[in-house]
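**Q** Taken in order, the sequence shown gives residues -19 to -1, 1 to 172; the numbers are from mature numbering (1 follows the signal peptide of the UniProt record, and there is no 0). First, the structure itself, so that you have it in front of you.
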Amino acid sequence: MRPLSILMIGLAMSTDAFAAAVGKGAAMQRPGIGLALRTGLLFGVIEGITPVIGWLLGIAAARYITAWDHWIAFGLLVLLGLHMIWHGIHPDDDEDGGNPARRHGFWSMALLALGTSIDAMAVGVSLAFLDAPIAVVALVIGLCTMVMVTIGILLGRVFGALVGRRAELAGGIVMIVIGAAILHEHLGGAA
């Protein structure tokens, strides 16, 4: 596998996470560079691990993973999107006592990162059947995602200042659209 091909895979795998990061950054209370970097690192690590998991699973049972990956990604992203929309419509009804930082905490972000990285797992499955250096591919995917998510959070900050408190509503819609696009692509829409 050529270095340019590996880079293109890394960039392609990071686009969903970038879009999600813009939505999340818009919903946050003015995220700084530190939070953007931590979020980018979290997404990068998860996005870098999933192709390795896919590669390992691909060796054992490729047809089962590729048959369900799009449904898993769709379900996670729709649930996250609906949750964000709920909080965008009902910002004062938070179970966390009105603390918006809790909705953007570690577990919420990790679940979002997992939802956007299911396609990277499918790439890992396909790489199991090629003579591809999985460690290098996973590292490139992780690094591309880290950079793209960090930029996405910071761009979301700008958009959040422009659209106000209802930015989380828009972010939720973005999550659902990403999930629907993944499902559409895998069910033959891209054919």
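Cβ atoms here follow ideal geometry from the backbone N, Cα and C, with glycine treated the same way. Note that the coordinates shown come from a computational prediction; the quantities given were computed from them, not determined experimentally.
Consult DSSP for Gly29 and reduce its assignment to one of helix, strand or coil.
**A** helix
**Q** Hey, would you say Gly29 sits closer than 8 angstroms to Ala109, going by beta carbons?
**A** no
**Q** Is Glu76 helix, strand or coil when you go by DSSP?
**A** The predicted model places Glu76 with a pLDDT of 43, which falls under 50 and marks its position as unreliable; any figure quoted below should be read in that light. For Glu76, the secondary structure class from DSSP, reduced to helix, strand or coil, is coil.
**Q** Among Met156, Val121, Gly169, Arg138, which has the Cα closest to the Cα of Ile27?
**A** Val121
**Q** Please confirm whether Ala161 and Phe(-2) have their CB atoms less than 8 angstroms apart.
**A** no
**Q** Consult DSSP for Arg(-18) and reduce its assignment to one of helix, strand or coil.
**A** coil
**Q** Indicate the three-state DSSP secondary structure (helix, strand or coil) for His71 in the structure shown.
**A** coil
**Q** Measure the CB-CB distance between Ile14 and Ile53 and report whether it falls below 8 angstroms.
**A** no
**Q** Could you give the distance in angstroms between the alpha-carbon of Leu63 and the alpha-carbon of Ser107?
**A** 31 angstroms
**Q** So, is Asp74 buried or exposed, given that buried needs 16 or more other C-beta atoms within 10 angstroms?
**A** Because the pLDDT at Asp74 is just 46, under 50, the model does not fix this residue reliably, and the value given afterwards should be weighed accordingly. With fewer than 16 other Cβ atoms within 10 Å, it is exposed.
**Q** To which residues of the same chain is Met127 closer than 7 angstroms at the C-beta, ignoring the five residues directly before and after it?
**A** Gly21, Leu22, Phe24, Gly25
**Q** Would you tell me roughly how many angstroms separate the C-alpha atoms of Val33 and Leu136, rounded to the nearest one?
**A** 30 angstroms
**Q** When you compare the CB positions of Gly4 and Arg138, do they come within less than 8 angstroms of one another, or not?
**A** no
**Q** Using the C-alpha atoms, what's the distance from Pro114 back to Ile(-14)?
**A** 9 angstroms
**Q** So, are the CB atoms of Leu58 and Met(-7) less than 8 angstroms apart?
**A** no
**Q** Could you check how far apart the C-beta atoms of Thr31 and Ala101 are, in whole angstroms? I think they sit under 8 angstroms.
**A** Between Thr31 and Ala101 the beta-carbon gap is near 4 angstroms, inside 8 angstroms, which marks them as a contact.
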